[in-house]
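Residue numbers (this note's numbering): 9 to 397. See structure below.
Right, dumping it as structure tokens:
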């Protein structure tokens with residue numbers, strides 16, 4: 009390894025440590041700090057950067073490098089926010105970015121600051137290349153508040169911060185495996201509205217909890233089945249939250265449940281919502297005192313890329329060239345969703361590929377292997393060199 013290579017690795021590691029030390033907990037921490045830090049580093053290379061403010065704590069960042077020659081538009085994307093650190097004590101401080109036994113510890117090391125910073129360094133490498141050695145435009149899209157509803161990605165699409173693209177690489181943690189499909193999500197809150205009274209006189213009120221039970225019991229009537237997808241498990245529906253009542257001696261006037269559906273690419277979310285509303289209608293028709301209200305909390309479709317696409321083929325070959333096994337390099341699916349659910353409005357050729365074990369995301373003692381983080385920069389570089397030749 010040359011002195012320049014060692015110096016580059018040291019910088020990449022130190023920059024990731026600084027990024028992890030930024031508290032960007034979704035809607036609580038300050039994403040502007042990280043956005044400015046990323047922009048400042050790229051601007052040192054002459055890369056054009058624009059920060060789009062969502063509010064005083066949230067921001068999107070767009071960075072562009074153009075070859076000046078006709079060619080594909082490729083977007084590299086990752087989110088800047090993280091989930092909270094939780095109440096359980098960590099082995100190392102969640103914002104200290106301590107490295108121990110080759111692993112960097114901290115909130116966001118896996119999900120997904122290592123992937124985001126790796127994308128930035130891949131972009132920097134292209135900015136340093138002669139413009140006649142590649143074609144097209146390369147864009148880094150660092151998004152806000154992905155963890156709480158992909159709000160940053162939605163703003164990018166709605167406000168035309170991004171153009172239509174030919175390829176999108178999302179750096180969510182996949183353990184450096186190739187993901188080409190993932191599920192969508194439909195989160196719905198269903199509220200039963202009743203009438204409060206003293207619990208010693210329940211006949212004077214309308215118990216909102218009781219009125220919600222028939223709907224809850226009837227959820228098995230909602231048909232969430234779908235044609236099988238070769239890379240994704242069947243769709244699911246789960247009640248993940250329930251809340252009702254204020255204290256023991258008051259008949260509750262409100263009760264609500266939250267449903268989380270995970271869907272496949274051929275499923276229509278409007279049709280699923282229609283089934284739930286029809287169920288609510290049947291329940292209400294059977295009891296005039298039942299009053300159910302619906303609120304859609306999240307509605308993002310599934311993603312599926314053609315396994316025979318040029319992007320998938322190039323990514324697979326780049327992984328094999330980097331020493332991945334044929335199993336690790338094969339296209340696969342993921343059960344979670346990413347910003348790709350939103351950004352696919354601008355293009356359909358999408359892969360998800362990033363460092364870090366996804367099982368460690370959102371966990372106490374979240375950590376990424378430093379060597380995996382460094383290695384993925386070379387993999388991104390190889391994919392881009394082939395795709396943008």
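Ideal placement from N, C-alpha and C gives every residue a C-beta, glycine not left out.
query	result
Length of the line joining the Cα atoms of residue 152 and residue 123	15 Å
Validate contact between the stretch 295 to 303 and the stretch 138 to 153 using beta carbons, cut 8 Å, 3 pairs	no
Local Cβ density within 10 Å of residue 376, reported as buried at 16 or more and exposed below that	buried
Distance between residue 354 and residue 155 (C-alpha atoms, nearest Å)	21 Å
Counted within 10 angstroms of its Cβ, other Cβ atoms place residue 357 as buried (16 or more) or exposed	buried
Spatial distance of residue 283 from residue 241 (CA atoms)	22 Å
Residues near residue 203 in its chain [Cβ-Cβ closer than 6 Å; skip 5 each side]	213, 214 and 261
Extent of the continuous beta strand (DSSP E) to which residue 268 belongs	262 to 271
Where residue 324 falls, given that 16 or more other Cβ within 10 Å makes a residue buried	buried
Short Cβ contact (8 Å threshold) for residue 136 with residue 53	yes
N- and C-terminal bounds of the beta strand (DSSP E) containing residue 200	192 to 201
CB contact flag (residue 181, residue 365, <8 Å)	yes
Residue range of the unbroken beta strand (DSSP E) whose run includes residue 307	300 to 308
Candidates 101, 267, 64 and 31, of which the one nearest residue 91 by Cα	31
Contacts around residue 130, its chain only, beta-carbon distance under 7 Å, and the 5 residues preceding and following it disregarded	84, 385, 388, 389 and 392
Residue 175 Cβ short of 7 Å to the ligand SAH heavy atom set	You won't find the ligand SAH in this model; it holds no ligand whatsoever.
Residue span of the beta strand (DSSP E) that contains residue 14, given as start and end	No beta strand (DSSP E) holds residue 14; the alpha helix (DSSP H) holding it covers 11 to 29.
Start and end residues, alpha helix (DSSP H) containing residue 406	The question about residue 406 has no answer here: the residues shown for the chain are numbered 9 through 397.
Per-residue burial, residue 115 [other beta carbons within 10 Å of its own, 16 or more giving buried]	buried
Residue 71 - containing beta strand (DSSP E), residue span	67 to 74
Inter-stretch contact at 8 Å, needing at least 3 Cβ pairs: the stretch 243 to 257 / the stretch 160 to 167	no
Cβ neighbour criterion (16 or more within 10 Å) applied to residue 258	exposed
The stretch 55 to 75 contacting the stretch 138 to 148, beta-carbon criterion three pairs below 8 Å	yes
Alpha-carbon to alpha-carbon, residue 308 and residue 349	6 Å
Whole-angstrom distance between residue 9 and residue 20, CA atom to CA atom	15 Å
Cut-off 8 Å between Cβ atoms - residues of its own chain near residue 233, not counting five sequence neighbours on either side	242 and 243
Local Cβ density within 10 Å of residue 337, reported as buried at 16 or more and exposed below that	buried
Run of the alpha helix (DSSP H) containing residue 40, from where it starts to where it stops	39 to 51
Straight-line gap, residue 229 to residue 190 (C-alpha atoms, nearest Å)	25 Å
Per DSSP, the bridge partner or partners of residue 358	176
Rounded C-alpha distance that separates residue 23 from residue 104	13 Å
Contacts around residue 329, its chain only, beta-carbon distance under 8 Å, and the 5 residues preceding and following it disregarded	390
Own chain partners of residue 268 with C-beta closer than 6 Å, once the 5 adjacent residues on each side are dropped	195, 246 and 248
Residues near residue 65 in its chain [Cβ-Cβ closer than 6 Å; skip 5 each side]	38
Cutoff 6 Å; reference residue 217; Cβ partners in own chain excluding five residues on either side	252, 260 and 263
Pick from 225, 311 and 239 that is closest to residue 265, judged by C-alpha positions	225
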